[in-house]
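Colleague:
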Amino acid sequence: MGSVKRRLVLRGFFAAAAAASVTGCAAVATSARPRVVVVGGGWGGLGAVRALVPGGKVDATLIEPNDGFMSCPLSILYIAGYAPASDFQRGYDVIDSLGVRRVKDRVVDIDRAGRMIKTATRSIPYDFLVLATGLEYMEEALPGYAGARDQFPVGFRAFEQSAVRRQVATFLDQGGHYLITVPKPPYRCPPAPYERACLIAQRMKEKGTKGKVIVVDANKGPMPPPLAKPMLTAMREMYGAQIEYINEVDPKSIDPGKKSLATSKGDIPFQHANIILPMRAPGLIRKAGLGERFAGVELPSFRSRADKSIFVVGDSQGAPLPKSGHIAFGAGQQVGEQILATIAGKHKAADLGDEVTLPGAICWGKVSTSLAIMINVTSSVVVGDPPKVSYEVDPAANAASSKGAMDWGRDTWNAMLG
Ligand SMILES: Cc1cc2nc3c(=O)[nH]c(=O)nc-3n(C[C@H](O)[C@H](O)[C@H](O)COP(=O)(O)OP(=O)(O)OC[C@H]3O[C@@H](n4cnc5c(N)ncnc54)[C@H](O)[C@@H]3O)c2cc1C
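In the working numbering, the protein residues as written are 5 to 422.
1) Starting from F163, trace the beta strand (DSSP E) in both directions and tell me its first and last residue.
2) From the DSSP output, in three-state form, read off H276 for me.
3) Could you pull out every residue in the same chain whose Cβ sits closer than 6 Å to the Cβ of A31, ignoring the five residues on either side in sequence?
4) Using the C-alpha atoms, what's the distance from K209 back to H276?
5) Whole angstroms are fine: how far does the CA of G334 sit from the CA of V393?
6) Could you tell me the distance, in whole angstroms, from the CA atom of G300 to the CA atom of P390?
7) Taking only the alpha-carbon atoms, compute the straight-line gap between G49 and L133 and give it to the nearest angstrom.
8) Can you find the residues in the same chain that come closer than 6 Å, C-beta to C-beta, to L203, ignoring five residues on each side of it along the sequence?
9) How far does the alpha helix (DSSP H) with H330 in it reach, from first residue to last?
10) Which residue comes first and which comes last in the alpha helix (DSSP H) that contains P234?
11) Assuming A136 and G72 form a contact by the criterion Cβ under 8 Å, report the distance between their Cβ atoms to the nearest whole angstrom.
12) Hey, out of Q178, E241, A222 and K370, whose CA is closest to Y86's CA?
13) Can we count D100 as close to ligand 1, meaning its CB is less than 7 Å from some heavy atom?
14) Mind checking whether the beta-carbon of P229 lies closer than 7 Å to any heavy atom of ligand 1?
15) For the beta strand (DSSP E) containing L362, name the first residue and the last one.
16) Any contact of the region 365-385 with the region 143-154, i.e. 3+ C-beta pairs under 8 Å?
17) Could you give the DSSP three-state label for R192: helix, strand or coil?
18) Are the region 274-293 and the region 176-189 touching by the rule of at least three beta carbon pairs closer than 8 Å?
19) Is A376 closer than 8 Å to A401 when the C-beta atoms are compared?
20) In terms of residues, what are the limits of the beta strand (DSSP E) holding D221?
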């Protein structure tokens with residue numbers, strides 16, 4: 005009885021959404037099929053699009069300002085000079101060939117009452133909206149940073165890697181102190197800052213660069229905590245002369261002219277700095293009233309707590325799950341399937357107290373071109389409670405995980421855009 009009621013509610017919701025769209029959407033031609041708009045053509049958005057399109061049941065639109073995709077996972081190989089950028093880039097040709105309407109633009113506003121998203125030049129109506137907009141950096145967290153952002157690229161979003169690549173190349177030629185700051189979680193891919201330090205250190209050894217990489221960590225140890233031991237061991241044993249690791253340091257401000265970072269443990273001078281800032285969902289999400297720092301979602305559905313026609317997947321959503329591409333892609337797929345099932349009147353929402361498996365994560369902490377530490381994350385939620393997350397981490401960096409990382413990258417990029 006309960007599930008019949010729920011299905012009726014969902015049908016009722018969809019019927020209401022469709023009716024609103026016919027009356028309220030003069031800006032774009034109406035469509036017989038439900039309109040699903042996906043914002044963001046990264047990991048989460050591509051998961052949703054790939055699940056939504058087969059069968060032609062929905063009128064799907066993908067809005068993304070970039071011409072193509074660039075992976076952050078594994079792109080350290082480009083940043084440290086071991087692989088060309090093109091190894092981590094893909095075009096959207098497959099998406100175009102699947103009949104998805106791709107709009108190369110940036111969404112600037114969400115009109116929730118009118119079920120319409122807005123770019124600078126057009127309005128696009130939706131019946132279902134999937135937001136997969138990734139994140140933005142909290143520049144105000146470090147006084148002195150905003151005026152010098154070009155000098156200190158973060159490089160944790162697609163295509164920003166080239167600025168960090170140029171900075172690293174200069175450091176490798178000139179030597180000196182290369183600072184990497186690590187914020188407190190939640191931030192995108194917790195192992196990534198340490199991976200960056202290790203691969204730059206490997207390059208220093210090969211090129212004979214004089215100086216060191218200084219990792220200034222706001223945390224007690226490398227994140228996530230189960231990674232701390234194998235990562236510290238790798239940094240110490242492989243790069244004892246290249247990496248200095250300082251834990252529990254709070255950066256207070258940065259002086260770009262003097263090249264000095266003021267911290268809770270004193271001033272740290274540097275020649276080059278990769279300042280990895282705290283992160284949050286883009287302003288678009290907060291402006292639309294979908295959350296404070298990140299979007300509030302219900303689990304396991306990833307449906308916005310504030311708006312039943314909106315789903316938020318990937319790093320913009322605020323459930324305490326790792327900020328991982330693997331999870332983003334899986335959550336996008338799950339939401340796409342859920343929307344199709346809802347439209348077909350077949351979606352059965354989980355009941356309060358049910359335990360449901362959530363999309364899993366695999367993250368890779370590469371410590372050299374041939375060694376990596378695998379972090380396998382499984383999670384589940386008892387509906388109504390916070391999710392349970394458990395980690396399985398390699399006890400030591402190894403060659404099998406390094407190969408596994410490359411295989412995973414190839415397979416995942418193919419699933420997204422192959
Ligand atoms: C160095 C590094 C290493 C990593 N390694 C791993 C790993 O080993 N395994 C793993 O699983 N994850 C890894 N990650 C994490 C992974 O990259 C992220 O979790 C993933 O990108 C999140 O997907 P997303 O869809 O939320 O955001 P993104 O992939 O960033 O996609 C967001 C998209 O939204 C678009 N967008 C933003 N705002 C708007 C707007 N207003 N209008 C239209 N479009 C918009 C952007 O252009 C972008 O294309 C790593 C990350 C980094 C930085």
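For each residue, glycine too, the CB sits at the ideal point set by N, CA and C.
Modeller: This is what the structure gives:
1) Note, F163: premise wrong, no beta strand (DSSP E); not H, not E.
2) Judged by DSSP in its simplified three-state form, H276 adopts strand.
3) Since pLDDT at A31 reaches only 36, below the 50 mark, its modelled position is unreliable, and the value read off the structure follows with that caveat. Same-chain partners within the cutoff: S127.
4) The straight-line gap from Cα to Cα measures roughly 18 Å.
5) Going from the Cα of V393 to the Cα of G334 covers about 16 Å.
6) Distance between the alpha carbons of G300 and P390 is about 12 Å.
7) Computed Cα separation, rounded: 11 Å.
8) Once the five neighbours on either side are set aside, the close Cβ partners of L203 are I80 and A84.
9) Note, H330: alpha helix (DSSP H), G329 to I347.
10) Looking at the DSSP string, the run of the alpha helix (DSSP H) that includes P234 is A232 to Y243.
11) Actually they do not touch by this definition, with Cβ atoms about 16 Å apart.
12) For Y86, the closest alpha carbon among the candidates Q178, E241, A222 and K370 is that of K370.
13) No - ligand 1 has no heavy atom lying nearer than 7 Å to the Cβ of D100.
14) No.
15) Here the beta strand (DSSP E) through L362 covers E359 to K370.
16) At 8 Å Cβ cutoff, the stretches do not touch.
17) Reduced to three states, the DSSP call for R192 is coil.
18) The region 274-293 vs the region 176-189: in contact.
19) Yes, the Cβ-Cβ distance between A401 and A376 is below 8 Å.
20) Unbroken beta strand (DSSP E) run through D221: G215 to D221.
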